Amino acid sequence: MRTHCFAQSSMIDHIAYDDEARTLRVWFYQTGDYLYYDVPAFLFEGFCRAPSAGTFFNAHIKDHFRHLRNPGRRRFGPNG
351 MRTHCFAQSS
361 MIDHIAYDDE
371 ARTLRVWFYQ
381 TGDYLYYDVP
391 AFLFEGFCRA
401 PSAGTFFNAH
411 IKDHFRHLRN
421 PGRRRFGPNG
């Protein structure tokens with residue numbers, strides 16, 4: 351599992367990539383973490399080098415890959 355943190359991003363905290371499963375996990379500050387499936391490794395690498403994590407995500411990941419809110423995520427609150 352490869353990971354990368356975005357110290358300057360106001361949208362994305364960090365990402366992780368599983369090379370074998372080709373799964374990208376993205377931790378958003380506001381909405382938690384999501385899994386994106388069948389993401390090529392070169393996109394993870396580009397994401398890590400991007401000057402803006404949010405811009406890269408919106409252009410290359412969002413609406414391009416099947417995704418789910420992390421099913422293993424613990425939920426809190428009345429609608430958890």
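Going by this note's numbering, the first residue of the sequence shown is number 351, and it counts up by one from there.
For every residue, glycine included, the Cβ atom is placed at its ideal position computed from N, Cα and C.
Values in this document were obtained by computation on a predicted structure and should not be read as measured data.
Contact check, residue i vs residue j, beta carbons under 8 Å
i: Tyr-384; j: Arg-419; result: yes
i: Ile-365; j: Thr-353; result: yes
i: Phe-415; j: Val-376; result: no
i: Ala-403; j: Phe-356; result: yes
i: His-410; j: Tyr-386; result: no
i: Phe-397; j: Phe-406; result: yes
Boundaries (first-last residue) of the beta strand (DSSP E) holding residue i
i: His-414; result: Counting along the chain, His-414 falls outside any beta strand (DSSP E), and DSSP gives it neither H nor E.
Endpoints, the alpha helix (DSSP H) within which residue i is located
i: Ala-403; result: 403-406
Please give me, in chain order, every unbroken run of the beta strand (DSSP E) with length at least 3 that falls completely inside the segment 352-401. As far as the segment 352-401 is concerned, its whole beta strand (DSSP E) runs of at least 3 residues are 352-355, 362-368, 373-378 and 382-387.
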